[in-house]
Structure formats: C-alpha cells, structure tokens
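Here's the structure we're looking at; comments come further down.
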Amino acid sequence: MRTHNHKLTSALLIPLFFSLTSAQPLIQRQQQGPPKPESTPERSAAVKLRITVTDGLGRYVPDLHREDFVIESGKAVRPISYFSERDEPYSVVFLVDISGSMETSNSKVNRFSFLAGAVQRFIQVANPDNEYLIASFSREPRLLLDWTHDQSAIAVTLTDLAKEKPGGQTAVRDACFFGLGQARRGTKSGKAVILLSDGVDNAIDSNIKSITPQRLKQELQENEVQTYSINLGSLHLSRTDSPNFAMEVGGGREMLENFAKPTGGRAFHPVNVAGLQAAFEAVAVELRVQYVLGFNPSPQTGQGFTKVKVRLAPQVEAKYKVKGLLARHREGYFAGVGQK
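Everything in the sequence shown is counted per the working numbering, starting at 116 for the first residue and increasing by one.
This is the structure:
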C-alpha cells in the first residue's frame, strides 16, 4: 500500500484555494478491507503511463488496483502488463520567465520575490529523494542551478533571481524545449518541468530561431516528461499592481494550457501569492499520488503518434463509493519512443 510521510498527509488534508483551480486533498476509501500489499512489476512494459485519478470534487483517489483500470490504444483494449502505485522520486525542472512582461506596474513589488518560499514549500511536501534544476529565460534559456538535492543552494539561487530586473523578449517555446531536454538528463524515474511564465511568446527578433508550436507539441508527445505551468501573468500582487491582461490577447493562457495538457499535467492561474503557493503545493502532492500503468502496444501499431485512453472500470465508482472519477495522463505515444 502506498504510504505517505507526515508532511505529505498534512498537505493532502489542508484545503487550498485559488482562482479556477484548487489543490485536491486525498479522499479516504469508505470501504475498508485487508491491507493491499505494495505493487510490484511483473515485467518490463513497452509503454508506461503516469496516471492521476481524481473524483468529481477534484480529490485524489488512492489505493486503486490494477483491475480498476482499462487502457484503450489503437481502438482496442490492451492488457495491463505493469502496475505500480509507489511514491517514486522525480527530477524536477523549475523554468522561470524573467522577460520584460514579468515586470510589475508597482516597482516595489517583484514577482520573483515569492518564488523562494513557494519552492521551499514544494520541497517540503514533495518526495524527499527528488532532485531539482533551476533555469531562467527571456530571449534564451539560461541554466542557473544544475541537478541538486541541496536546499540551501536552491534558496540562494532563487534569492539571487529575485534581484534581477525583468527584461527582453520572451521565447517561451524555446525555453520549454530546453526544459524538456534538461529533464531528460535527470537521474530519477519520474521527470517533470514546471513552467513559470505568462505564456506570451513574443520572440520576433530575426536572430531567434523559435521552436514552432507543432514542434513543441511533438516533443511533449515523444517524451515521458510531465509538464505543469503556473501563470505569473495572472498575479495581482498588491493594490497598485494589476495582472498582465495583455497575455489574454497574446494567447499566453492558451500556451500555458497547451504545454501542460499533452503530458497529463495541469495549468494553474493564481491571482495572488496564496494561490501561487497553493499551486506549487498542488503539483508537489500530485507527483506523489500517481499510478504507473504499462502495456504492450498492438503489433499493428504504426510509427506515427498513437492516442491512448485510460479510464476507470465501470464497477469502480460503486466499489469505492465515489463519483465522477477521472484518469488524467499523457495523450499517447510514438511507437519506438519512450518504450522500455
């Protein structure tokens, strides 16, 4: 059975609130039974999917079994060859936008000054064996801190970042491409990128070779990296500061959603500092309560992109007395890519 340390259990039970999204607490099974032994893989699977299961109220659902899931790929149900619900460590990339659009209308308020505390809370709630990398970007991405477990180094890096003055154009897609590449260098079984930006890509300089939306989407589809985005443009940090509404016109919100959705991640749009902190905590919790399912694709599967749908078996809602169950995961896979 999946076990959680005290810090994680506390985080799951504390209600968190922010605009449009909320961190989901862990629901408790109402039907009691004998303890379920920790899942062990039967054999290596060709394709693995990380699944987040929530109920109709957005709460995470623990303690499901292999037989509670159904995988559909290539218009057919595929047998589940691998199942795990263990809390596995992640290699997590924090990708921070420091371009000109991050400057606030109140010169005394700095969007980045709140990141150190939010990231510290993330680390407290997250798996203690996680490793972290920090990068920033405007016109080009910049590696600030390579893979580390050192919390003091992370705090110093973010404190120094808060001293920088935002400026320059924003090559968001290029930065996301860079972040995915850095995540693949991580040593942990799970990989994740957390994008902190308003999502507006305005890199129009002819010297910038920008990644196209189509190329970025393919990169998201080809890799087993989970992606999340936290909207810094929607923050209202003081009475005299206002959100960056220009991002709505420039498609920033849509870009943030499109970065997270293909991998089964989420986009958050907090309106204040409490919401920003809650978003970080929500991601930290989610990475600890996922299931990993594996299956062997059909021999008839071609070399192109194949969509996958994971759903809960019909009897699950009645069995666990919960309603509106949703399984969130990456949209599919390319044959031969990300398979083991």
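The beta-carbon is built from N, C-alpha and C at its ideal position, and this holds for glycine as well.
- Taking the C-beta atoms as reference points, Val271 is found no nearer than 8 Å to Ala307.
- Here Val168 is buried. Its C-beta has 16 or more other C-beta atoms within 10 Å.
- Along the segment 226 to 262, the beta strand (DSSP E) occurs as fully enclosed runs of 3 or more residues at 246 to 252, listed in sequence order.
- Distance from Val162 to Tyr406 at the Cβ level is roughly 14 Å; contact not present, criterion being Cβ atoms closer than 8 Å.
- Here His444 is buried. Its C-beta has 16 or more other C-beta atoms within 10 Å.
- In the three-state scheme derived from DSSP, where H, G and I count as helix and E and B as strand, Gln430 is classed as coil.
- If you look at Asn387, you'll find it isn't in any beta strand (DSSP E); DSSP assigns it neither H nor E.
- A direct Cα-to-Cα measurement between Lys280 and Glu432 gives close to 51 Å.
- As computed with DSSP, Asp212 is found in a beta bridge with Phe252.
- A Cβ-Cβ distance of about 6 Å is found for the pair Ser216 and Val315, placing them in contact under the 8 Å criterion.
- Per DSSP, Lys306 is one residue of the beta strand (DSSP E) stretching across 305 to 312.
- Check the Cα spacing between Lys438 and each of Thr285, Arg174, Gln392: the tightest is with Arg174.
- Counting other Cβ atoms within 10 Å of its Cβ, Glu200 reaches 16 or more and is therefore classed as buried.
- Under a 10 Å Cβ-count criterion, Ser214 is classified as buried, with 16 or more other Cβ atoms of the shown protein chains found around its own Cβ.
- In the DSSP assignment, Asn373 falls within the unbroken alpha helix (DSSP H) covering 367 to 375.
- DSSP lists Val407 as the beta-bridge partner residues of Arg165.
- Collapsing the DSSP output to three states places Gly419 in coil.
- Annotation: Leu350 is outside any beta strand (DSSP E) and is labelled neither H nor E by DSSP.
- Straight-line measurement puts the Cα of Leu427 at about 6 Å from the Cα of Asp183.
- When secondary structure is reduced to three states using DSSP, Arg330 falls in the helix class.
- When Val240, Val176, Leu164 are compared, the shortest CA-CA separation from Lys434 is found for Val176.
- Inclusion of Leu350 and Val386 in the CB contact set at 8 Å is warranted, their separation being smaller than that value.
- For Thr342, the secondary structure class from DSSP, reduced to helix, strand or coil, is strand.
- Looking only at Ala290, Asn245, Leu311, the smallest Cα-Cα distance to Gly301 is reached by Asn245.
- In the DSSP secondary-structure assignment, Ile195 is bridged to Phe410.
- The beta carbon of Leu440 sits closer than 8 Å to those of Val168, Thr169, Asp170, Gly171, Val176, Leu427, Val431, Glu432, all from its chain and outside the five residues before and after it, given in chain order.
- Residue pairing by DSSP places Leu441 opposite Thr169 in a beta bridge.
- Counting only the Cα atoms, Phe383 lies some 12 Å from Asn373.
- Listed in chain order, the non-local C-beta contacts of Gln266 below 7 Å within the same chain comprise Ile238, local neighbours out to five positions each way being set aside.
- Scanning Ala250, Glu187, Leu179 for the CA closest to the CA of Asn411 turns up Glu187.
- No residue range can be given for Val315, since it is assigned to no beta strand (DSSP E) and is classified by DSSP as neither H nor E.
- Just measuring C-alpha positions, the residue of Glu446, Gly390, Ala241 sitting nearest Glu401 is Ala241.
- Just so you know, the alpha carbons of Gly189 and Phe198 end up roughly 20 Å apart.
- Taking every protein chain shown into account, the CB of Gln392 has 16 or more other CB atoms within 10 angstroms, so this residue is buried.
- With a threshold of 16 other beta carbon atoms within 10 Å, Ala277 falls short and is exposed.
- Short of 7 Å from the beta carbon of Asp261, and not among the five residues preceding or following it, lie these beta carbons of its own chain, in chain order: Leu248.
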